[in-house]
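Data block below; observations after.
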Amino acid sequence: MQCPHCFESVNVFSKEMNKFGKSKVCPKCANPIELYVSLKWGAILFIPAVVSALLIKPFFVNVGVSGSLATGLMSALFVLFCMRLKVPKVKVNA
């Protein structure tokens, strides 16, 4: 993911991205950013995620692991690939 301010790469697993709450700052430029799940990328990646989960499931079953684990892993990857950063909206008090 890239910071919308400085366009530097920000790791999803960095300390700053894993803080609780909505207020996050870029570790490179210290500007406020917001982490969200993009519906556009969700729509684009939905079919490939389902197909790959169905292709991987037989391998998990042959090993003796539940096939639901393959679905869970693909769902987690699906959400990670859909995450994006954006500039938070500023609330104006009147």
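Heads up: take any position in the sequence shown, counting from 1, add 23, and you land on our numbering. Beta carbons: idealized from backbone N, C-alpha and C, even for Gly.
- [ ] State the beta-bridge partners of L58 as determined by DSSP.
- [x] Looking up residue 58 in the sequence shown gives position 35. For L58, which the question treats as bridged, DSSP gives the partners L108.
Open item on the list: Once DSSP output is grouped into helix, strand and coil, what is the label at V74?
Closed with: On the sequence shown, residue 74 is found 51 positions in, with the first residue counted as 1. Correct three-state label for V74: helix.
- [ ] Taking only the alpha-carbon atoms, compute the straight-line gap between L77 and C29 and give it to the nearest angstrom.
- [x] In the sequence shown, counting from the first residue as 1, residue 77 sits at position 54. In the sequence shown, counting from the first residue as 1, residue 29 sits at position 6. Computed Cα separation, rounded: 39 angstroms.
Task: Neighbourhood of K63 by C-beta, 6 angstroms cutoff - its chain only, sequence neighbours within 5 removed - done: Here residue 63 refers to the residue found at position 40 of the sequence shown. So no residue of the chain qualifies.
Task: Reference M24, options S61, S89, G90, closest by Cα - done: Numbered from its first residue, the sequence shown carries residue 24 at position 1. Nearest of S61, S89, G90 to M24, Cα basis: S61.
Task: Rounded straight-line distance, which links the Cα of K112 to that of V35 - done: Counting from 1 along the sequence shown, the entry for residue 35 is found at position 12. Counting from 1 along the sequence shown, the entry for residue 112 is found at position 89. Rounded to the nearest angstrom, the two C-alpha atoms are 21 angstroms apart.
TODO: Use the C-beta contact count for L108: other C-beta atoms within 10 angstroms, 16 or more gives buried, fewer gives exposed.
DONE: For this step, residue 108 is matched to residue 85 along the sequence shown. By the neighbour-count rule (16 or more Cβ atoms within 10 Å), L108 is buried.
Task: Beta-ladder partner(s) of S32, from DSSP - done: Here residue 32 refers to the residue found at position 9 when the sequence shown is read from its first residue. DSSP output for S32 lists Q25 as bridge partner(s).
TODO: Assign F101 to buried or exposed, taking buried as 16 or more other Cβ atoms, counted over all protein chains shown, within 10 Å of its Cβ.
DONE: As a working note, residue 101 is residue 78 in the sequence shown. Burial call: buried.
Task: Supposed contact pair K45 and E57 - C-beta distance, whole angstroms, cut 8 angstroms - done: Counted from its first residue, the sequence shown places residue 57 at position 34. Counted from its first residue, the sequence shown places residue 45 at position 22. Yes, they are in contact, since the Cβ atoms of E57 and K45 sit about 6 angstroms apart, within 8 angstroms.
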